[in-house]
Amino acid sequence: MSKPELWVVAERRLDHIEPTTQQLITKANQLAGDRFHVVAVLLEATTDHLEDELTTYGPDEIRVVRDDRFPTATDAELADALKQLVDASQPNTVLFGATITGRSIAPRLQAKLQTGLTADCLDLRFDDDTLVATKPSYGDNIMCEIICPDRRPQMATVRPNTFVAQPTPNGAELTTAKVDFHPVTRLHVTAATPVVNTATTVGDASRVVALGRGAASAATIDAATQLAERLGGRIGVSRPLTDQDRFTHDDQIGQSGNTIHPDLILNFGISGAVQYLVGMQDAQTIVSVNSDPNAPIFAASDYGYVGDAQAFMTALLGQFA
């Protein structure tokens with residue numbers, strides 16, 4: 188009897204694979220053991236070879252569907268293609284990255300399949316063939332374990348950078364499948380063009396300047412912006428600062444925001460609530476500045492400074508002069 192299939196839907200970012208895909212393949216391999224057949228599902232153009240970016244991460248199979256309309260397909264058209272593939276193969280579980288694209292396609296597919304979807308997960312495990320998806324809830328104060336016992340496939344979206352991608356020399360079987368492309372007449376994407384100033388997210392940055400409630404003044408934010416530019420990094424924020432016009436949910440670090448793994452993070456005015464710490468605790472080097480010597484952030488830091496955030500930034504910027 189063949190093994191039930193565990194799918195990772197590969198996402199493209201322009202002409203490359205979005206990194207969350209490799210992270211999910213790594214996690215799927217860890218979950219699969221001898222119980223599941225890990226399949227990376229890739230929708231690409233006839234001239235693309237994006238499967239080359241997946242092979243080294245060792246799924247059991249890369250299932251490729253080719254159509255020259257896929258690179259500019261709408262999310263509804265992609266969900267329709269995936270529905271046909273699911274109907275043909277009946278996978279046990281389907282995983283997406285909780286990216287802008289994944290958060291759009293996954294619920295469309297869920298509605299077509301009339302199954303369950305757990306969104307924005309921070310961990311995954313299996314009890315027999317039942318997916319147990321862990322996500323924050325109730326204002327990030329508790330972690331919920333959610334299952335879908337009665338419907339298949341089980342579906343989940345997982346936050347980028349929750350897992351670490353690890354190349355695996357297993358190799359992968361390359362197969363092809365076909366679907367009927369059903370155009371959505373009311374919407375047509377002609378091209379995709381990156382916006383230069385948002386090409387790198389806080390989740391992608393190797394250096395992050397993070398701001399909390401204690402570093403929320405306009406002058407401090409301006410200094411932090413200069414510091415991030417000098418370091419070649421990005422600004423991230425704790426949840427309270429997302430109320431400001433200058434920041435959005437995409438800039439947020441923590442359980443209800445991004446999980447990041449930078450080489451360096453500089454925390455300014457962040458007390459260190461557990462909801463924030465889980466989003467950045469795997470940074471290689473953690474430096475924290477806070478006026479409260481008892482702030483919990485110091486216990487999670489490699490280096491700490493008790494003092495004024497803006498004064499520290501000004502002194503640090505002076506080293507670049």
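Take the sequence shown: its letters are residues 188 to 508, numbered as in our numbering. We put the CB at the ideal spot given by N, CA and C, even for glycine.
Beta bridge counterpart(s) of residue i as assigned by DSSP
i	result
Pro323	Met330
Arg421	Val395
Cys308	Val345
Phe283	Thr344
His203	Arg200
Asn445	Ile440
Enclosing alpha helix (DSSP H) for residue i [first to last residue]
i	result
Glu192	No alpha helix (DSSP H) contains Glu192, which is instead part of the beta strand (DSSP E) from Glu192 to Val196.
Gly505	Ala496 to Gly505
Ile212	Pro206 to Ala219
Residues near residue i in its chain [Cβ-Cβ closer than 7 Å; skip 5 each side]
i	result
Pro323	Leu309, Met330, Gln442 and Ser443
Ala487	Gly459, Leu464, Gln468 and Ile473
Ser291	Asp262
Rounded straight-line distance, which links the Cα of residue j to that of residue i
i	j	result
Thr472	Glu360	39 Å
Gln431	Asp314	42 Å
Ser475	Pro483	10 Å
Arg346	Val281	15 Å
Asp409	Arg433	11 Å
Asp307	Leu218	18 Å
Leu193	Arg250	12 Å
Phe485	Ala498	18 Å
Asn445	Ile457	16 Å
Ser478	Phe507	24 Å
Arg312	Asn348	17 Å
Arg199	Gln413	32 Å
Ile204	Thr259	15 Å
Ala411	Ala470	19 Å
Thr385	Pro354	Legend: pLDDT at Thr385 = 38, less than 50; position of this residue unreliable, no value from coordinates given.
Leu201	Pro427	33 Å
Arg400	Leu453	14 Å
Element boundaries [beta strand (DSSP E), containing residue i]
i	result
Asn454	Leu451 to Phe455
Val273	Not the beta strand (DSSP E): Val273 falls in the alpha helix (DSSP H), residues Asp262 to Ser276.
Tyr492	Tyr490 to Val493
Proximal residues to residue i (C-beta, below 8 Å), its chain only, five neighbours per side dropped
i	result
Thr302	Cys335, Arg338, Arg339, Pro340, Gln341 and Met342
Thr435	Thr429
Lys270	Leu296, Lys299 and Leu300
Ala352	Pro206, Gln209, Gln210, Ile212, Thr213 and Tyr244
Simplified DSSP assignment, three categories, for residue i
i	result
Leu361	strand
Ala460	coil
Gly253	Sequence inspection shows Arg at residue 253; the Gly mentioned does not correspond to that position. Note: Arg253 maps to strand in three-state DSSP.
Val225	strand
Ser475	strand
Thr317	strand
Gln301	coil
Leu296	helix
Leu230	strand
Gln439	strand
Beta-carbon proximity list for residue i, same chain, < 6 Å, skipping 5 on both sides
i	result
Ser393	Pro449 and Asp450
Val195	Leu211, Ile212, Ala215, Ala227 and Leu282
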